[in-house]
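A.B. asks: One point on numbering: in my numbering, the residue at position 11 of the sequence shown is 11, and numbering is uninterrupted.
For each residue, glycine too, the CB sits at the ideal point set by N, CA and C.
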Amino acid sequence: MDGTFIHQDSHGGGGVITDGDTQWMTAGGGILHIETPPESMVIKGGLFHGLQIWVNLPAKDKMIPPAYQNLDSHLVKLFTTPDAGTLVRLIAGDLGGVTGPGSTHTPIVIAHATLSPGARMVLPWNPQFNAIAHGLKGSGFAGSEHLAMGVGQTVVYGAGDTITLEASAHEPLDVILMGGQPIGEPVEQYGPFVMNTREQLQQAFDDYQRGRLGVVPANGITPFRGR
């Protein structure tokens, strides 16, 4: 992400999230959280740019204890393609012989790739994984079909053992790459809750309404006043 915000949650997790950082929160059996801007942004204004990704848990792990990981930018694994045309920041999973710092409960990959103008990227990919690329900046082309893609657009790849992208000749291309082993279970989602059945959703709302998910610390609802 670009910019700064502060996270606090009902299980003691929290920290300052700033340029290039990643926060990884596992909701598990239930957690309350809040994100607030720093005091300087409240006073002077400003922007932050981030991407929120929800990763489903298999039924057997739905109620594991909540957890929080603050992955500072220096922890993310960096590597380039052989021609140095693409920089890859690996957040989680295994890619090209490199392992990202994020601790996951299912086999997945999450990476941020920046392609130089005109660069072509071919990354090895687990053929058992699904795969998508989501455009963050710039424009380019995806797959062997050379499908045009740009900001806010998502490409869904078919089965295969590589991921192919190419940046337009006149500008870099920034994308988030994501994929993993399909869980193959039913999904029921409403609001902030993702479960396997409607009955489980109703129980999750009941747990929330009865205060079973804990309480965000009182100082978590005011702008942050120091690191």
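#1: So what's H74 in DSSP terms, helix, strand or just coil?
#2: Would DSSP call V156 helix, strand or coil?
#3: For I20 and M41, I'd like the C-alpha separation in whole angstroms.
#4: With a Cβ-Cβ cutoff of 8 Å, do L169 and P117 count as a contact?
#5: Give me, in chain order, the residues of the same chain whose beta-carbon lies closer than 7 Å to that of G160; leave out the 5 immediate sequence neighbours on both sides.
#6: Taking the C-alpha atoms as reference points, what is the distance between F193 and A204?
#7: So the alpha helix (DSSP H) E185 belongs to, where does it begin and stop?
#8: I need the straight-line Cα distance from E199 to T36, nearest angstrom please.
#9: Look at the alpha carbon of G158 and the alpha carbon of P172, and state the distance between them as a whole number of angstroms.
#10: What are the boundary residues of the beta strand (DSSP E) that includes R120?
#11: Residues in its own chain within less than 8 Å of A59 by CB, not counting five upstream and five downstream?
C.D. replies: Short version:
#1: helix
#2: strand
#3: Before going further, note that residue 20 is Gly rather than Ile in the sequence given. Looking at the two C-alpha atoms, the distance is approximately 18 Å.
#4: Sequence check: residue 169 is Ala here, not Leu. For A169 and P117, yes; Cβs fall inside 8 Å.
#5: W125 and P127
#6: 7 Å
#7: E185 -> no alpha helix (DSSP H), and no H or E assigned at all.
#8: 33 Å
#9: 24 Å
#10: R120 to P124
#11: E185 and N196
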